[in-house]
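S.K.: The structure under discussion is supplied below as structure tokens; questions concerning it will follow.
Number of protein chains: 2
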Amino acid sequence: MSIAKRKEQEKLEMHKRILDSARKIFLEKGYEQTSIRNIASEINYSPGSIYFYFKDKNEIFHELHKEGFRLLLSQMKAVNTIENPFERYKALGLVFIRFAQNHTDYYNLMFLVSETGKVQGEGFQIAQEAIEHLSGVIHLCQEQGWFKGLNNKYLTFMTLSAVHGICSLYCKDRMAGFFEKPGEELMIHGYETFIALIDKK
Amino acid sequence: MSIAKRKEQEKLEMHKRILDSARKIFLEKGYEQTSIRNIASEINYSPGSIYFYFKDKNEIFHELHKEGFRLLLSQMKAVNTIENPFERYKALGLVFIRFAQNHTDYYNLMFLVSETGKVQGEGFQIAQEAIEHLSGVIHLCQEQGWFKGLNNKYLTFMTLSAVHGICSLYCKDRMAGFFEKPGEELMIHGYETFIALIDKK
DNA sequence: AAATTTATTAAACAGTGTTCAATAAAAAAA
DNA sequence: TTTTTTTATTGAACACTGTTTAATAAATTT
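Order-wise, the sequence lines are chains A and B.
For the record, in the first sequence the residue sitting at position 77 is 264 according to the working numbering, with numbers rising by one throughout.
For the record, in the second sequence the residue sitting at position 18 is 205 according to the working numbering, with numbers rising by one throughout.
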């Protein structure tokens, strides 16, 4: 039985090696510019063998997709230490923004690159968990008198939209020229403007 | 001279034929799923000949990109008939949202598909014009007492982010499942929530 | 030691964007 | 009108792409 176990471990290791190579190239060059042959040659492997470990290119992509969401979600949950719900709400947006800044490539992979439509399976579940987390914090705010008369779901969607809008404009690098400031500053000031508007108890 | 003129016209016609074919396929299948061979065969043309009229696939894409922006900008300018500046501001957001709904494929092409970084040349100029238009309307609002104490540029960026966030989440079809409502309703309610927040004179 | 499972590979298939020499068609010059 | 030159078109070729598969090597089980 220990032989089977070692086998399994070796298989996991190869799985990881491929994923490491894929992560490097995917985050560097994006989806289309990453080829199975690139991933394979990076680890001196044959392209065909990749298919022994992954169904196809998309499955590798979704593995990284999930990785990104797990990373984001863990950072979102870290703000639970903040007691004041509105402060927690504010921090949650900053987590998003900082994530887009520090992990621009993941952000692209998670929100911008992947094809329209359903992000299936586990990846979708984690994304949903992230939304529910935001919704929960907003609910806490509302219990304490913030956002009076506003629907929780729509507020959640709107918050998500505003922050995602900020991040995706940043990641796609649209708007340099009109907004001569560097993107990082613009994001923060844009977010502060948003918070200034929403901050009425 | 009339021969040269007819020649030029014929060239323009071929240019248009290719663009028409490209538009159809690009808007239907997106960037990557559109091939030069597809575009050519659609009009019983040889793939190589495309390169007599366009530098490469990207140049065709950017032509459509510009088309989309011209269309959006014309609809943005149509709200100038509204006298009240805040009403005009509100309508501007709705123009965006309706554009994303009615021309989802263009929206994808314009904001989501194209590669990170500079959208060069004329296309960039039109995008800039659109931003300046929004900024101008916000300026009018501020002259009449809205958005007190808020920086025009940041407010412009934030508005753009919020609306673009709504539209891009819609276009990428993220969030079905958590927000069980159809995307169109969600967009409108999300936008109304945004307006409810920002509406303080 | 033989049979069987597991892992790896190179080759092949059908597709991609793009280039280019050959060629046909049209216009200009002789 | 004939020759030359320009303009437009084509198919073949190049170097890629994701993926499948038959052959093969290696490791494990019988």
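Where a beta carbon is used, it is the ideal one built from N, C-alpha and C, also for glycine.
Go through the segment 267-313 of chain A residue by residue and report every complete run of the alpha helix (DSSP H) that reaches 4 residues or more, in order.
M.R.: Whole alpha helix (DSSP H) segments, 4+ residues: 272-289 and 291-294.
S.K.: Give the list of continuous alpha helix (DSSP H) stretches no shorter than 4 residues that lie fully inside the segment 207-235 of chain A.
M.R.: As far as the segment 207-235 of chain A is concerned, its whole alpha helix (DSSP H) runs of at least 4 residues are 223-229.
S.K.: To the nearest angstrom, how far is it from the Cα of K305 (chain A) to the Cα of R361 (chain B)?
M.R.: Note that K305 (chain A) scores a pLDDT of 49, beneath 50, so its modelled location is shaky and nothing firm can be said.
S.K.: Measure the CB-CB distance between L260 (chain B) and E319 (chain B) and report whether it falls below 8 Å.
M.R.: No; because the gap between Cβ atoms is not below 8 Å, this pair is not in contact.
S.K.: Is the shortest distance between the beta-carbon of M201 (chain A) and the beta-carbons of chain B less than 8 Å?
M.R.: No, M201 (chain A) does not count as interfacial toward chain B.
S.K.: Is the beta carbon of L251 (chain B) sitting closer than 8 Å to the one on L296 (chain B)?
M.R.: The answer is yes: Cβ separation under 8 Å.
S.K.: State whether the segment 371-385 of chain B contacts the segment 334-344 of chain A, with contact taken as three or more CB pairs (one from each stretch) at a distance under 8 Å.
M.R.: Flag = yes, the segment 371-385 of chain B and the segment 334-344 of chain A touch.
S.K.: Which residue from B:K277, B:E367, B:N289 and B:E371 puts its Cα closest to that of L258 (chain B)?
M.R.: For the residues B:K277, B:E367, B:N289 and B:E371, the minimum Cα distance to L258 (chain B) belongs to B:N289.
S.K.: By alpha-carbon positions, which one of B:I313, B:H351 and B:D292 ends up nearest to L214 (chain B)?
M.R.: Considering only alpha carbons, the answer is B:D292.
S.K.: Taking only the alpha-carbon atoms, compute the straight-line gap between K216 (chain A) and I230 (chain B) and give it to the nearest angstrom.
M.R.: Approximately 34 Å, taken between the alpha carbons.
S.K.: Would you kindly check if the distance between the Cβ of H351 (chain A) and the Cβ of G280 (chain B) is under 8 Å?
M.R.: Against a cut-off of 8 Å, the Cβ pair of H351 (chain A) and G280 (chain B) comes out as no contact.
S.K.: Could you check how far apart the C-beta atoms of Y240 (chain A) and H202 (chain A) are, in whole angstroms? I think they sit under 8 Å.
M.R.: With 8 Å as the limit, Y240 (chain A) and H202 (chain A) qualify as a contact, their Cβ atoms being about 5 Å apart.
S.K.: Could you check whether the Cβ of F239 (chain A) sits closer than 8 Å to any Cβ belonging to chain B?
M.R.: No, its Cβ sits nowhere closer than 8 Å to a Cβ of chain B.
S.K.: What distance in whole Å lies between the Cβ atoms of A278 (chain B) and I284 (chain B), which are believed to be in contact at a cut-off of 8 Å?
M.R.: No, I284 (chain B) and A278 (chain B) are not in contact; Cβ-Cβ is about 10 Å, not under 8 Å.
S.K.: Around the C-beta of A265 (chain B), are 16 or more other C-beta atoms found within 10 angstroms, so that it is buried, or is it exposed?
M.R.: Label assigned to A265 (chain B): exposed.
S.K.: Consider the Cβ of E195 (chain B): report whether some Cβ of chain A lies at a distance smaller than 8 Å.
M.R.: So no, E195 (chain B) is outside the interface.
S.K.: From H376 (chain A) to S348 (chain A), what distance separates their C-alpha atoms?
M.R.: For H376 (chain A) and S348 (chain A), the distance between alpha carbons rounds to 16 Å.
S.K.: Kindly list the residues whose CB is nearer than 7 Å to the CB of H249 (chain B), restricted to its own chain and excluding five residues on each side of it in sequence; keep chain order.
M.R.: Once the five neighbours on either side are set aside, the close Cβ partners of H249 (chain B) are G310.
S.K.: Can you find a CB in chain A that lies within less than 8 Å of the CB of T221 (chain B)?
M.R.: No - not a single Cβ of chain A is within 8 Å of the one on T221 (chain B).
S.K.: At the level of alpha carbons, what is the spacing between I325 (chain B) and T343 (chain B)?
M.R.: Between I325 (chain B) and T343 (chain B), the C-alpha separation is close to 7 Å.
S.K.: Would you say I318 (chain B) reaches chain A, if we count a Cβ-Cβ gap shorter than 8 Å as a contact?
M.R.: Answer yes: the Cβ-Cβ gap between I318 (chain B) and chain A drops below 8 Å somewhere.
S.K.: Within the 8 Å Cβ cut-off, does K340 (chain B) reach chain A?
M.R.: So, interface residue.
S.K.: Please look up how many angstroms separate the CB atoms of I313 (chain A) and K253 (chain A), rounded, as I've assumed it's under 8 Å.
M.R.: With a Cβ gap of about 6 Å, I313 (chain A) and K253 (chain A) count as contacting.
S.K.: Please classify M201 (chain A): does DSSP put it in a helix, a strand, or coil?
M.R.: Looking at M201 (chain A) - three-state DSSP - the assignment turns out to be helix.
S.K.: CB of G235 (chain B) to nearest heavy atom of the ligand SAM: below 7 Å?
M.R.: As presented, the structure is devoid of all ligands, the ligand SAM included, so that no description of it is given.
S.K.: Using 8 Å as the threshold, is the C-beta distance between Q331 (chain B) and P234 (chain B) below it?
M.R.: Contact flag unset, no.
S.K.: With the cut-off set at 8 Å, would you say S355 (chain B) and F286 (chain B) are in Cβ contact?
M.R.: No. Outside cutoff.
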